[in-house]
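A.B. asks: Have a look at the structure that comes next, please.
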């Protein structure tokens, strides 16, 4: 069996990366003498949005018969990933003694965004191919 749509693989990788984000540290905060790691579970809204992104990307895998809907769900997921990144930056830079540190969570979200964008590009190519084939008929 061969996967003919590479965007399915991209969506699966983005789903896994978004799921791992929910359990990884996205930054550190200096509290007195110790460095405290911050996790999405410490901020319930971030955790819910992170899980929502993972679920939407997973659902998008199975919407291959309706490309327009699949592209819409993927675009919403990409928008939510950007919102998570911006929220994480506000949390890190908003506090006193915040320390900028690239941790696993930031890299995972960026990776999920890149793979979602690659999947979206593949969907656009499929849609163009379908339009061209319909024109030939």
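Numbering (our numbering), first residue to last: 298 to 434. All C-beta atoms in this analysis are idealised placements derived from N, C-alpha and C, irrespective of residue type, glycine included.
(1) Which residues in the same chain have their Cβ closer than 6 Å to the Cβ of residue 390, if we skip the five residues on either side of it in sequence?
(2) What number of angstroms, rounded off, separates the C-alpha of residue 325 from the C-alpha of residue 317?
(3) Near residue 421, what residues of its chain come up, given a Cβ to Cβ distance below 8 Å and the 5 sequence neighbours on each side ignored?
(4) Throw me the rounded Cβ distance for the residue 378 and residue 406 pair, which I believe falls under 8 Å.
(5) Please confirm whether residue 336 and residue 322 have their CB atoms less than 7 Å apart.
(6) DSSP has residue 401 in a bridge; who is on the other side?
(7) Go through its chain and collect everything with a Cβ distance to residue 311's Cβ below 7 Å, but skip five positions before and after it.
(8) Is the separation between the beta-carbon of residue 360 and that of residue 319 shorter than 7 Å?
(9) Using a Cβ-Cβ cut-off of 6 Å (strictly less than) and excluding sequence neighbours within five positions of residue 308, which residues of its own chain qualify?
(10) By Cβ distance, which residues of its chain are closer than 6 Å to residue 351, with the 5 residues on each side in sequence left out?
(11) If you follow the beta strand (DSSP E) that residue 334 is part of, which residue opens it and which one closes it?
C.D. replies: Checking against the coordinates, here is how it stands:
(1) Here residue 390 corresponds to residue number 93 of the chain shown, with the count starting at 1. Answer for residue 390: no residue qualifies.
(2) For the purposes of this step, residue 325 is identified with residue 28 of the chain shown, where counting begins at 1. For the purposes of this step, residue 317 is identified with residue 20 of the chain shown, where counting begins at 1. Inter-residue distance for residue 325 and residue 317 is about 18 Å (C-alpha atoms, whole angstroms).
(3) Locating residue 421 in the chain shown gives position 124, where the first residue counts as 1. For residue 421, where only same-chain residues beyond five positions count, the Cβ hits under 8 Å are 368.
(4) In the chain shown, counting from the first residue as 1, residue 378 sits at position 81. In the chain shown, counting from the first residue as 1, residue 406 sits at position 109. Residue 378 to residue 406, Cβ: 6 Å. Contact.
(5) Residue numbering aside, residue 336 sits at position 39 when the chain shown is read from its first letter. Residue numbering aside, residue 322 sits at position 25 when the chain shown is read from its first letter. Yes.
(6) Here residue 401 refers to the residue found at position 104 when the chain shown is read from its first residue. Residue 401 is not bridged to any residue.
(7) The sequence position of residue 311 within the chain shown is 14, counting from 1. Closer than 7 Å at Cβ, skipping near neighbours: 354, 409, 412, 413 and 416.
(8) Taking the first residue of the chain shown as position 1, residue 360 is located at position 63. Taking the first residue of the chain shown as position 1, residue 319 is located at position 22. The Cβ-Cβ distance between residue 360 and residue 319 does not fall below 7 Å.
(9) For this step, residue 308 is matched to residue 11 along the chain shown. Taking C-beta separations shorter than 6 Å and ignoring five residues to either side along the sequence, the partners of residue 308 in its chain run 354, 357, 358 and 416, following chain order.
(10) One-based indexing of the chain shown puts residue 351 at position 54. For residue 351, the CB contacts under 6 Å within the same chain, skipping 5 residues up- and downstream, are 312, 315 and 316 in chain order.
(11) Here residue 334 corresponds to residue number 37 of the chain shown, with the count starting at 1. Boundaries of the beta strand (DSSP E) around residue 334: 331-335.
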